[in-house]
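Working notes for the structure below.
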């Protein structure tokens, strides 16, 4: 039974996702190699792809519409349960507005094969198409498109815009058309309008979230304990649904017990678990209501289905909000953990080289990424080069690591080069299909898909970039990228602080060396000053000391010797033209002899030295230009 059910679910999902496979070859979760076209769709021309998508969507819409009209008890064209609304809305949100002809064609065929009134059926089909287009536009414009279920606040906007406002268009077109073409009486208009509106709302609030969440959110390989818990949750949901909605427990108040496993699913398995559990309970409740059992059974079958519709819509919205709140809390906690890891690493590291491997490891392990690298800017070569690469121990990406360490990228080339040139964080949903990712073949070979990259910035200058990779296909997260941009600026400030610290230490070292040299010079000056003071003190003592008789006699004798020497030299100058060097030696030796006789040996030595020096100056030949004559002396006088 489980195998048959799983096979049916797979076939149904394959049919539901067929337009996406046809029109969007880069769809999430696909592991096809670049350029592969095993099914031939990638080789189809764009207009053929669109035509195929329109036809497939029309077929799915027709089948779902016929299934919904099986529950039309009030009017053959009005069903309180209308799944095509959710299918149409999800199709336009996922693959664009260009598929609207498929909605129009499917809606027309559904109603034409029911009523056989072409003009009325065209009006109903127009209303259904406008409903889907308006709902998709409102969700894209105001509720972040396919990410409408990531935040609790956006879910309330989705309920209002897609569940209430856009569905009112189809209900108005449909009820008015039926009454104008006499398919219903005007007094039935309020009942037809409310039934139509609530039925479309059920499809928008259950079917559309089911498709969007299962298609857009990434898949991960569950662990054994998660599989066991998931199996237990599904069992509880099914058993409780059978008990509550198949009249095993009489009384309508017990239906609220169904909320308990849904909250469990929302807390433990997120949005996918919440919407899947809510859909399972809705199917069980619908089965019971159609068979006249359960808490929604009333006197009128249409009223019973409306009670069922209100309950399951409210229950689904509630669990989606809970799941979104839990998801927001998990994302917020993960970002806080990443910030804490980065802050702790930077506080414990003295250089970027020391901090780089720890930062990459912290980002990947805390954020659930498989590998990462840090690239530094080489200003001289104007290129990026890899300075650090990290991967999980259980992950083998040796070839990708090797090529990353070998590659260098210019501005604008590959993901690191693009981030370097723009200075802004970037997210690539699947690098294997990106046209500007040279490492794509190796990444595809080793199973890497989603990547993000953010700059390390100091002011407006990019010092390097950080990139991380995941084997899962992940949708872009703008809040996460903004956090990464803040981390990049924090890393830049860390580098600037370390550079300033190194400059401060270098300045301190130079100041200390200069101070040491100053201290040495000061010591030398103080030594010289001390010696000078000693000499000055000695001279002072000698100058102020009273002269003894012997000292005065010695000074007198030296004075007389000096005078005698001077007289000898003066005589030589005055009588040189007359004597012609005949008395030179006589004059000199006479002065010396007189000095020796009168002043003693010390004075005689002084007189000899003075006479020698004076004669060497006075008696040099005129050819040297230094001869002094009495005429020159007379001129000076």
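In our numbering, the protein residues as written are 2 to 638. Just so it is clear, CB atoms sit at the ideal spot from N, CA and C, and this is done for glycine as well. Just so it is clear, the structure is predicted and the values come from calculations on it, not from any experiment.
Presumed contact (8 Å Cβ cut-off) between residue i and residue j, rounded CB distance
i, j, result
"residue 289", "residue 255", "Going by Cβ atoms, the distance from residue 289 to residue 255 rounds to 13 Å, so no, they are not a contact pair."
"residue 420", "residue 456", "5 Å"
"residue 81", "residue 310", "6 Å"
"residue 259", "residue 241", "6 Å"
"residue 150", "residue 210", "6 Å"
"residue 223", "residue 473", "Rounded, the Cβ-Cβ distance is 13 Å, inconsistent with contact."
"residue 62", "residue 107", "3 Å"
"residue 261", "residue 87", "26 Å between Cβ atoms; not a contact."
"residue 370", "residue 470", "6 Å"
"residue 116", "residue 77", "7 Å"
"residue 185", "residue 193", "6 Å"
"residue 468", "residue 424", "Not a contact, Cβ separation roughly 15 Å."
"residue 405", "residue 434", "With a Cβ gap of about 19 Å, residue 405 and residue 434 do not count as contacting."
Contact check, residue i vs residue j, beta carbons under 8 Å
i, j, result
"residue 237", "residue 323", "no"
"residue 446", "residue 400", "yes"
"residue 118", "residue 187", "no"
"residue 276", "residue 321", "yes"
"residue 391", "residue 373", "yes"
"residue 174", "residue 125", "yes"
"residue 163", "residue 140", "yes"
"residue 54", "residue 96", "yes"
"residue 639", "residue 215", "No statement about residue 639 is possible, as the shown extent of the chain runs from 2 to 638 and does not include it."
"residue 315", "residue 342", "no"
"residue 130", "residue 104", "yes"
"residue 451", "residue 429", "yes"
"residue 59", "residue 101", "no"
"residue 454", "residue 466", "yes"
"residue 207", "residue 283", "yes"
"residue 422", "residue 436", "no"
"residue 403", "residue 416", "no"
"residue 94", "residue 146", "yes"
"residue 171", "residue 197", "yes"
"residue 496", "residue 353", "yes"
"residue 490", "residue 458", "yes"
"residue 281", "residue 239", "yes"
"residue 389", "residue 358", "yes"
Residues bridged to residue i (per DSSP)
i, result
"residue 409", "386"
"residue 469", "373 and 453"
"residue 644", "For the chain, the structure presents residues 2 to 638; residue 644 sits outside this window and is missing."
"residue 79", "76"
Environment of residue i [buried if 16+ CB atoms lie within 10 Å]
i, result
"residue 384", "buried"
"residue 484", "buried"
"residue 327", "buried"
"residue 512", "exposed"
"residue 381", "exposed"
"residue 333", "exposed"
"residue 229", "exposed"
"residue 509", "exposed"
"residue 112", "buried"
"residue 541", "exposed"
"residue 515", "exposed"
"residue 317", "buried"
Where residue i sits in the DSSP three-state scheme
i, result
"residue 1", "This structure cannot settle anything about residue 1, because the visible part of the chain is limited to 2 through 638."
"residue 379", "strand"
"residue 394", "coil"
"residue 72", "coil"
"residue 197", "helix"
"residue 46", "coil"
"residue 247", "coil"
"residue 428", "strand"
"residue 144", "coil"
"residue 437", "coil"
"residue 299", "coil"
"residue 183", "coil"
"residue 102", "helix"
"residue 233", "helix"
"residue 474", "coil"
"residue 1", "Here the chain comprises residues numbered 2 to 638, so residue 1 is not present and cannot be evaluated."
"residue 446", "helix"
"residue 221", "coil"
"residue 278", "helix"
"residue 331", "helix"
"residue 305", "helix"
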